[in-house]
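The sequence shown begins at 532 in the working numbering and counts up by one. Using N, Cα and C, we set each Cβ at its ideal position, and we do this for glycine too.
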Amino acid sequence: NKMSQAENKMSQAENKNKKKEESVPNCSAGGMTVEEYRQRAKEMVDYIADYLQNIRDRRVFPDVQPGYMHSLIPDHAPTCPDKWEDVFADVERVIMPGVTHWQSPYMHAYFPALNSYPSLLGDMLANAISSLGFTWASSPACTELETIVMDWLGKMLGMPSCFLHGDRKSKNMGGGCIQTTASDCTFVTLLAARTEAIKRCKVVQPDLEDAEIN
Numbered sequence: 532n533k534m535s536q537a538e539n540k541m542s543q544a545e546n547k548n549k550k551k552e553e554s555v556p557n558c559s560a561g562g563m564t565v566e567e568y569r570q571r572a573k574e575m576v577d578y579i580a581d582y583l584q585n586i587r588d589r590r591v592f593p594d595v596q597p598g599y600m601h602s603l604i605p606d607h608a609p610t611c612p613d614k615w616e617d618v619f620a621d622v623e624r625v626i627m628p629g630v631t632h633w634q635s636p637y638m639h640a641y642f643p644a645l646n647s648y649p650s651l652l653g654d655m656l657a658n659a660i661s662s663l664g665f666t667w668a669s670s671p672a673c674t675e676l677e678t679i680v681m682d683w684l685g686k687m688l689g690m691p692s693c694f695l696h697g698d699r700k701s702k703n704m705g706g707g708c709i710q711t712t713a714s715d716c717t718f719v720t721l722l723a724a725r726t727e728a729i730k731r732c733k734v735v736q737p738d739l740e741d742a743e744i745n
């Protein structure tokens, strides 16, 4: 009897393992190859070019309600990767109906920006290199290009040299960096002006704390 019970337990365990194996989908191994990437990237460039060329034909503000996307895509991540053709088709089926087309000539609420063809190509290259330029050592080219271009902008605006980075030979104490948004630029400008005002006030009233001046 004990032998029979042990055999039954083993048989049940084997059946459970078999069911688990059957429930696991047989996903094809490997992701997008470099050859497929070349093909799909060209398709994407054509799609982007067509989108921008014909953007005036699209409705500027989407005619959808909050939560519209829940009925269009599954409520859980796929166990196996979707085919690229299906993902690409979802751009028009799922994404575009809910897009506000900021680059449209009929979009008057904001100004179009960051969308020239050279900038799109630059984004492709920057995303491919994908370096983090938060210090000179982490990406010398990224850091130096940013400081040089910021000096270009400063010179275009006619700013005095004290506001520029300058080269290694100069003793400039100025210079700026590219911010992520216009709102960040405004905030940093106000913060710098506030800091300078506090410094000047402390010269006249050195006993005051920053919080009191603020």
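Nearest candidate by alpha-carbon position, reference residue i, set the options
i	options	result
residue 637	706, 586, 703	586
residue 576	644, 652, 613	652
residue 567	670, 642, 615	615
residue 663	674, 641, 598, 730	674
residue 708	688, 699, 684	684
residue 676	687, 697, 643	697
residue 643	650, 649, 635	635
residue 623	672, 648, 565, 578	578
Whether residue i touches residue j by CB criterion (9 Å)
i	j	result
residue 625	residue 604	yes
residue 632	residue 589	yes
residue 704	residue 693	yes
residue 646	residue 583	yes
residue 706	residue 678	yes
residue 571	residue 619	yes
residue 695	residue 686	yes
residue 739	residue 730	no
Close Cβ partners of residue i (< 7 Å) along its chain, the five nearest in sequence each way excluded
i	result
residue 600	625, 629
residue 710	716, 719
Same chain only: Cβ atoms within 8 Å of residue i, ignoring 5 sequence neighbours per side
i	result
residue 725	745
residue 562	612
residue 558	610, 611, 612
Residue i CB to nearest heavy atom of the ligand NAP below 8 Å
i	result
residue 741	The ligand NAP is not part of this structure, which contains no ligands at all.
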